[in-house]
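Chemist: Next up is a structure, given as structure tokens.
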Amino acid sequence: MGKFGKKFVGVRLCQYRSCKFLPNGHLSILLGPFLTMPTSGFFCESPLDWHGANYTFGTVTVLSFLLFMLACSDDEDIDITQIPGSSGAEPDFLSRKASRARLPSASGKPTIPFREIFLTPSLWGIMLIAFADTLSYHIFLFYGPIFINKTLGFSIVETGILSATPYLFIIMLNTGARAFMDVCPSISAGHKIKHFTSLSEMLAAICFFSLASPYQTDPVASHFLLMLAVTFITMALIGITSTSSIIAQQYNHIVTTALAAQDPFTGILLPLLVGVVAPHYSPNEWKNLFFVIGAFLTAANIVFMVITSVKTAKWTEMQRQ
15 MGKFGKKFVG VRLCQYRSCK FLPNGHLSIL LGPFLTMPTS GFFCESPLDW
65 HGANYTFGTV TVLSFLLFML ACSDDEDIDI TQIPGSSGAE PDFLSRKASR
115 ARLPSASGKP TIPFREIFLT PSLWGIMLIA FADTLSYHIF LFYGPIFINK
165 TLGFSIVETG ILSATPYLFI IMLNTGARAF MDVCPSISAG HKIKHFTSLS
215 EMLAAICFFS LASPYQTDPV ASHFLLMLAV TFITMALIGI TSTSSIIAQQ
265 YNHIVTTALA AQDPFTGILL PLLVGVVAPH YSPNEWKNLF FVIGAFLTAA
315 NIVFMVITSV KTAKWTEMQR Q
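This note's numbering puts the first residue of the sequence shown at 15, with every later residue one more than the last.
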């Protein structure tokens, strides 16, 4: 599970510092599961089996790595405001250089205010809602195909296709999310991002509560609700990472590292939770699990709205003496 955490930190740093494809960073991440899930389903039903899937994805991974090495530079002076397609509302807090606000220690080396960072209530609000978001997303990532195949009764090929549909919706809605961030110029970027994140989490929780309803028994409707839930969860991630960037500024890599550490922890906790709430994967057990996830999302969202203030933290403004 640790590889997902390291990938998260690396991708975020590349998006905000180096990669020329910054505006499409989220889309590139979503294309992976969107393409691999249906492809895996088709391979499973073909004579090539999993061997064909493994060789195909391994080859694509190597080619993607080579493309990454060729396409991305390590130029810290890149101004993302000049990248075609980047939003004019974001650069204010993303284009500041890290060297600008680090207080040198006695040895002359820059220091990081770890104590101030982890005593900031706003960042704990981000950590909590990010944990709820990650847990909810992993329910779909790890157990969604089981739910779709075993409980809803779809075939393996159909399961692969249906598991990929949320990512298609997310890709389509990404442009809409960016447009949402740019409307209402009278509202600050911080308030827009905070309410966008909260609204996405609230809608995801409503979807989970709907899945938990005893009156919800239609397989097509259940899949549609699950698809919407995953869509809103992933959209909230855009708001979470943007909130972190605004608050932590040049120290955002510290926060994203802490966020990435939640990924393997969720991978440990989730099987325990499913083992207790839905050990036999029965329809009623799934409903109980969806209710627990919806309640946790709601509680985390309330705490996030109460304690998180989306504005630059004071400890980012320390100047060299």
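Just so you know, even glycine gets a beta-carbon here, dropped at the ideal spot from N, CA and C. These figures come from a predicted structure and were not determined experimentally.
Are the CB atoms of I126 and I268 nearer to each other than 8 Å?
Modeler: Taking the sequence shown and counting its residues from 1, one reaches residue 126 at position 112. Taking the sequence shown and counting its residues from 1, one reaches residue 268 at position 254. Result yes, Cβ atoms of I126 and I268 sit closer than 8 Å.
Chemist: Does the stretch 264-282 come close enough to the stretch 131-151 to have 3 or more Cβ pairs within less than 8 Å?
Modeler: At 8 Å Cβ cutoff, the stretches touch.
Chemist: Which residue comes first and which comes last in the alpha helix (DSSP H) that contains F215?
Modeler: Against the sequence shown, residue 215 aligns to sequence position 201. Just to set this straight, residue 215 is Glu in the shown sequence, not Phe. Looking at the DSSP string, the run of the alpha helix (DSSP H) that includes E215 is 203-226.
Chemist: Determine the DSSP secondary structure at G167, reduced to helix, strand or coil.
Modeler: Sequence index remark: in the sequence shown, residue 167 carries index 153 (1-based). Correct three-state label for G167: coil.
Chemist: Give the straight-line distance between the Cα atoms of L81 and T73, rounded to the nearest whole angstrom.
Modeler: In the sequence shown, residue 81 corresponds to position 67, counting from 1. In the sequence shown, residue 73 corresponds to position 59, counting from 1. Cα to Cα, the separation comes out at about 12 Å.
Chemist: Count the other CB atoms, across all protein chains shown, that sit within 10 Å of the CB of K328; report buried if there are 16 or more and exposed otherwise.
Modeler: Stepping through the sequence shown from its first residue, residue 328 is reached at position 314. Looking at its Cβ environment, which holds fewer than 16 other Cβ atoms inside 10 Å, K328 is exposed.
Chemist: With 16 other CB atoms within 10 Å as the buried threshold, where does N315 fall?
Modeler: Within the sequence shown, the letter at position 301 stands for residue 315. Burial call: buried.
Chemist: Once you ignore the five residues that flank Q135 on each side, which residues in its own chain have a CB closer than 7 Å to its CB?
Modeler: Translated into the one-based positions of the sequence shown, residue 135 becomes position 121. One detail in the question is off: residue 135 reads as Pro in this sequence, not Gln. Taken in chain order, the residues that qualify are I321.
Chemist: Does DSSP classify P61 as helix, strand or coil?
Modeler: Residue numbering aside, residue 61 sits at position 47 when the sequence shown is read from its first letter. Of the three classes helix, strand and coil, the one that applies to P61 here is coil, per DSSP.
Chemist: Under 6 Å Cβ to Cβ from F310, same chain only, skipping five residues before and after it: list those, please.
Modeler: Walking along the sequence shown from the start, residue 310 turns up at place 296. Once the five neighbours on either side are set aside, the close Cβ partners of F310 are A146.
Chemist: If you reduce the DSSP assignment to three classes, tell me which class M319 lands in.
Modeler: Here residue 319 is taken as the residue at index 305 of the sequence shown, counted from 1. M319: helix per DSSP, three-state reduction.
Chemist: Using DSSP with H/G/I as helix, E/B as strand and the rest coil, what is S150?
Modeler: Working through the sequence shown from its first residue, we reach residue 150 at position 136. S150: helix per DSSP, three-state reduction.
Chemist: So P278 is in the alpha helix (DSSP H); what residue range does that whole segment cover?
Modeler: Looking up residue 278 in the sequence shown gives position 264. Per DSSP, P278 belongs to the alpha helix (DSSP H) from 266-291.
Chemist: Three-state secondary structure (DSSP) at S296?
Modeler: Mapped onto the sequence shown, residue 296 falls at position 282. Here S296 sits in coil by DSSP.
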